[in-house]
Amino acid sequence: MVHVYSITLPEGTSISDKDTQYYEGIASSPYTPESSTIEDSLSKKSRKEPSSSQWPTWNLAKAALLVSIGGGFNFGYQLLITNPAQLAFIQFLNDSYAETHGIRQDRGTLEFLWGVIVSTFFWGATVGALLIQTIADRLGRKNGIIFTFLVQIIAVAMEIVSFFANSYILFSISRIVLGAAISVSLGIGPMFIIECSPVGCRGMISMATGVMLQVGLVIGSISAMPEIWGTVDCWWLVYGLELLLTVFVTVFMLFVPESPSFLMTKNKKQLAERSILYYHGVSEAETEPLMADMKKGVDGEKPLGLFEVIRDKTWLCGLLVGIAIMSGTILCGVAAVNAFAFEILLNVGLSPLHASLGNLVICVMAVIGVLVSGRLVERMGRRPLLIFTFGGIGLVNVLISGFMYMFQINKEDWIGWCVVVSICAFNLVFAAGPGPLCFFVPGELVGHKARAATYTWLNIVMNGFRSLLLVVYFPIQAALGGPLCYFILFFPPCAIAVAICYFYLPETTGLSPEEARVAMRRLPSCCRKNVREDEEEKMGEIRSD
Numbered sequence: 001m002v003h004v005y006s007i008t009l010p011e012g013t014s015i016s017d018k019d020t021q022y023y024e025g026i027a028s029s030p031y032t033p034e035s036s037t038i039e040d041s042l043s044k045k046s047r048k049e050p051s052s053s054q055w056p057t058w059n060l061a062k063a064a065l066l067v068s069i070g071g072g073f074n075f076g077y078q079l080l081i082t083n084p085a086q087l088a089f090i091q092f093l094n095d096s097y098a099e100t101h102g103i104r105q106d107r108g109t110l111e112f113l114w115g116v117i118v119s120t121f122f123w124g125a126t127v128g129a130l131l132i133q134t135i136a137d138r139l140g141r142k143n144g145i146i147f148t149f150l151v152q153i154i155a156v157a158m159e160i161v162s163f164f165a166n167s168y169i170l171f172s173i174s175r176i177v178l179g180a181a182i183s184v185s186l187g188i189g190p191m192f193i194i195e196c197s198p199v200g201c202r203g204m205i206s207m208a209t210g211v212m213l214q215v216g217l218v219i220g221s222i223s224a225m226p227e228i229w230g231t232v233d234c235w236w237l238v239y240g241l242e243l244l245l246t247v248f249v250t251v252f253m254l255f256v257p258e259s260p261s262f263l264m265t266k267n268k269k270q271l272a273e274r275s276i277l278y279y280h281g282v283s284e285a286e287t288e289p290l291m292a293d294m295k296k297g298v299d300g301e302k303p304l305g306l307f308e309v310i311r312d313k314t315w316l317c318g319l320l321v322g323i324a325i326m327s328g329t330i331l332c333g334v335a336a337v338n339a340f341a342f343e344i345l346l347n348v349g350l351s352p353l354h355a356s357l358g359n360l361v362i363c364v365m366a367v368i369g370v371l372v373s374g375r376l377v378e379r380m381g382r383r384p385l386l387i388f389t390f391g392g393i394g395l396v397n398v399l400i401s402g403f404m405y406m407f408q409i410n411k412e413d414w415i416g417w418c419v420v421v422s423i424c425a426f427n428l429v430f431a432a433g434p435g436p437l438c439f440f441v442p443g444e445l446v447g448h449k450a451r452a453a454t455y456t457w458l459n460i461v462m463n464g465f466r467s468l469l470l471v472v473y474f475p476i477q478a479a480l481g482g483p484l485c486y487f488i489l490f491f492p493p494c495a496i497a498v499a500i501c502y503f504y505l506p507e508t509t510g511l512s513p514e515e516a517r518v519a520m521r522r523l524p525s526c527c528r529k530n531v532r533e534d535e536e537e538k539m540g541e542i543r544s545d
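Per the UniProt record's numbering, the sequence shown runs over residues 1 to 545.
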């Protein structure tokens with residue numbers, strides 16, 4: 001049933017075009033502060049959108065691939081290469097330390113120093129997160145990405161030089177620089193992809209970052225194996241591969257257009273039209289309404305600062321929900337699986353070779369999961385997919401901790417393989433849900449002016465929590481034991497994430513950020529009040545006219 005309603009205005013007055021456009025998307029049902037008919041209307045729209053989704057154009061897919069190799073792939077690659085090749089790196093540290101300082105350290109001290117060196121990547125990533133907004137807004141999305149790629153090339157070259165110079169100090173510095181550059185790339189990349197994508201395929205193409213991150217994990221786990229390049233004499237080749245890929249994508253990024261939304265903020269309408277033609281694959285006539293929508297979304301808006309976005313009532317709720325999704329993603333156990341899967345498998349009775357192969361299979365399952373998610377995200381929707389996958393991860397975490405406890409009591413080989421299967425299931429479910437979605441769903445919850453600041457906060461949270469987990473995991477494990485430590489650290493965040501997604505996350509499929517903000521049906525009381533107060537104030541202004 002379609003409800004037809006009108007607002008009686010005094011003679012000689014009318015609703016402005018801006019107000020008319022604002023309410024066109026929600027006019028299918030009457031607004032009352034006591035009901036959620038506006039949200040229901042938008043929910044129906046979002047449920048219909050997946051059926052009309054389209055495949056991305058070749059130009060858009062190519063640009064997303066280039067951006068994601070330099071961002072998601074390199075990040076996943078760096079997460080894994082220090083794990084299987086750890087013995088080779090520690091030997092390098094031992095030789096370099098002795099050459100630099102004239103003394104050799106014991107094994108325990110070397111492992112501690114190596115742990116510090118590994119963590120420097122996340123120190124740099126945390127610092128880099130603070131630069132995302134500045135680089136994205138001043139250099140632009142495309143030029144900012146190219147800049148981070150160039151810094152990555154320099155940092156990876158430094159790591160190769162450190163091998164031949166036998167300098168662990170140069171290696172440590174290069175990891176800090178590389179962490180900062182990749183962090184900025186991870187922030188600007190998803191932002192760039194969202195702004196270039198048509199609404200119909202926005203979810204599918206935005207999966208590129210998550211897909212390439214998982215591919216990076218697989219390639220890293222293979223290239224750094226002791227049987228491949230993870231040896232004392234060959235570990236520099238692991239970085240040589242990354243260097244070649246980064247140079248490749250940097251060259252090709254020079255030939256893709258800037259984000260049309262960013263060009264509109266700079267009032268470069270002709271370039272924005274060319275960008276839309278390139279990425280959307282539409283005719284010139286079809287670019288006019290798209291440009292009008294973009295202009296309406298960015299016209300006269302100054303980008304919000306890092307702390308201004310917190311004080312902004314319009315986008316605060318979207319920011320908080322996005323941070324909650326990212327926090328749940330990092331705290332659900334993936335940081336431990338990426339960093340300590342090899343050690344966990346050794347602790348449940350697997351040989352080093354079997355542990356390496358098990359680690360490889362675990363990474364392959366993640367790739368399968370993220371490929372499946374590419375279609376589920378449009379057909380099933382963001383909200384239900386996150387709810388089900390966070391819930392599934394929580395159940396798998398119970399199984400993992402349970403099998404670890406069983407192995408402590410009865411050291412049977414089959415229990416160790418049950419842990420392998422459980423971690424494979426973990427990576428499959430994780431990669432089908434929060435793994436890739438945490439990079440683009442927050443960008444769908446905030447408008448253009450708040451997007452750069454939002455991604456800055458997301459990367460601060462991601463790297464901060466990951467660094468914290470790497471620091472506290474082993475002390476808590478020593479105090480409580482592996483099974484209880486794993487359960488206490490990683491099950492509660494999954495349960496909390498399910499609750500947050502169920503009550504506070506709107507379905508964003510096919511919606512603009514403004515529509516998603518109105519569609520927030522169950523929000524924290526202060527946020528729900530702000531949304532309704534905004535609507536009542538808007539209606540009041542129209543009536544007063």
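Note that the Cβ used here is the ideal one computed from N, Cα and C, for glycine as well.
Beta-carbon spacing of residue i, residue j below 9 Å
i: I319; j: I330; result: Checking the displayed sequence, the identity of residue 319 turns out to be Leu instead of Ile. No, the pair does not count as a contact, with Cβ atoms beyond the cut-off.
i: Q133; j: Y504; result: no
i: C196; j: L60; result: yes
i: Y239; j: I387; result: no
i: G187; j: L458; result: yes
i: P436; j: S206; result: yes
i: S467; j: W123; result: yes
i: P493; j: G328; result: yes
i: N166; j: F262; result: no
i: S68; j: G189; result: yes
Residue span of the alpha helix (DSSP H) that contains residue i, given as start and end
i: S172; result: 168 to 196
i: E258; result: Element bounds for E258: n/a, residue is neither H nor E.
i: P492; result: 482 to 504
i: L445; result: Premise fails: L445 is in no alpha helix (DSSP H) and is neither H nor E.
i: T82; result: It is not in any alpha helix (DSSP H) - T82 carries neither H nor E in the DSSP assignment.
i: L110; result: 107 to 129
i: P56; result: Premise fails: P56 is in no alpha helix (DSSP H) and is neither H nor E.
i: R383; result: 382 to 409
i: V334; result: Careful: V334 lies outside any alpha helix (DSSP H) and carries neither H nor E.
i: E514; result: 513 to 518
i: F89; result: 86 to 101
i: K142; result: 141 to 165
i: N359; result: 352 to 379
i: K269; result: 269 to 280
i: T209; result: 208 to 223
i: E308; result: 308 to 311
i: G230; result: No alpha helix (DSSP H) contains G230, which DSSP labels as neither H nor E.
i: T134; result: 132 to 138
i: V421; result: 413 to 432
Proximity winner among the options, relative to residue i (alpha-carbon distances)
i: S96; options: F171, I146, A341, G72; result: F171
i: G115; options: G128, G124, A98, I90; result: I90
i: I135; options: G240, M191, S119; result: M191
i: F147; options: I169, A180, V118; result: A180
i: W55; options: V377, G210, P84, M204; result: M204
i: M462; options: A98, A129, H448, A425; result: A129
i: L290; options: P303, K302, S275; result: S275
i: M225; options: H448, P492, A355; result: A355
i: G210; options: G70, A453, N166; result: G70
i: A324; options: G447, A497, P84; result: A497
i: I176; options: I222, Q152, F465; result: Q152
i: N427; options: G358, W414, S261; result: G358
i: C332; options: F163, K142, E343, Y486; result: Y486
i: L480; options: P493, D137, S401; result: S401
i: Q86; options: M520, A341, G349, G447; result: A341
i: F121; options: L376, L470, L484, V396; result: L470
i: V256; options: E286, I362, I193, V396; result: I193
i: K449; options: M264, E111, C363, L150; result: M264
i: S259; options: M520, I415, A64, K313; result: A64
i: D293; options: G144, P198, T314; result: P198
i: T57; options: V321, E111, A125, C201; result: C201
i: A516; options: G374, Q408, R382; result: R382
Proximity test, Cβ basis, 9 Å: residue i and chain D
i: V461; result: Here chain D cannot be found, since the structure has a single protein chain.
At a cut of 8 Å, does the segment 369 to 383 reach the segment 425 to 444 through at least three beta carbon pairs?
-> The segment 369 to 383 makes contact with the segment 425 to 444; the number of CB pairs closer than 8 Å reaches 3 or more.
Between the segment 506 to 522 and the segment 441 to 454, do three or more beta carbon pairs fall short of 8 Å?
-> Contact between the segment 506 to 522 and the segment 441 to 454 is present, with at least three C-beta pairs closer than 8 Å.
Do the segment 212 to 228 and the segment 70 to 80 touch if we need at least three Cβ pairs shorter than 8 Å?
-> Counting C-beta pairs with one atom in each stretch, the segment 212 to 228 and the segment 70 to 80 have three or more that are closer than 8 Å, which means they touch.
For the segment 235 to 253 and the segment 96 to 110, state whether three or more C-beta atom pairs, one from each stretch, are separated by less than 8 Å.
-> With a cut-off of 8 Å, the segment 96 to 110 and the segment 235 to 253 do not count as touching, because too few Cβ pairs lie within range.
Looking at C-beta atoms only, is the number of pairs between the segment 469 to 481 and the segment 417 to 427 that lie closer than 8 Å three or more?
-> At 8 Å Cβ cutoff, the stretches do not touch.
Check whether the segment 152 to 160 touches the segment 116 to 123, taking contact to mean three or more Cβ pairs, one atom from each stretch, closer than 8 Å.
-> As far as the Cβ criterion goes, the segment 152 to 160 does not touch the segment 116 to 123, which means the pair count is below three.
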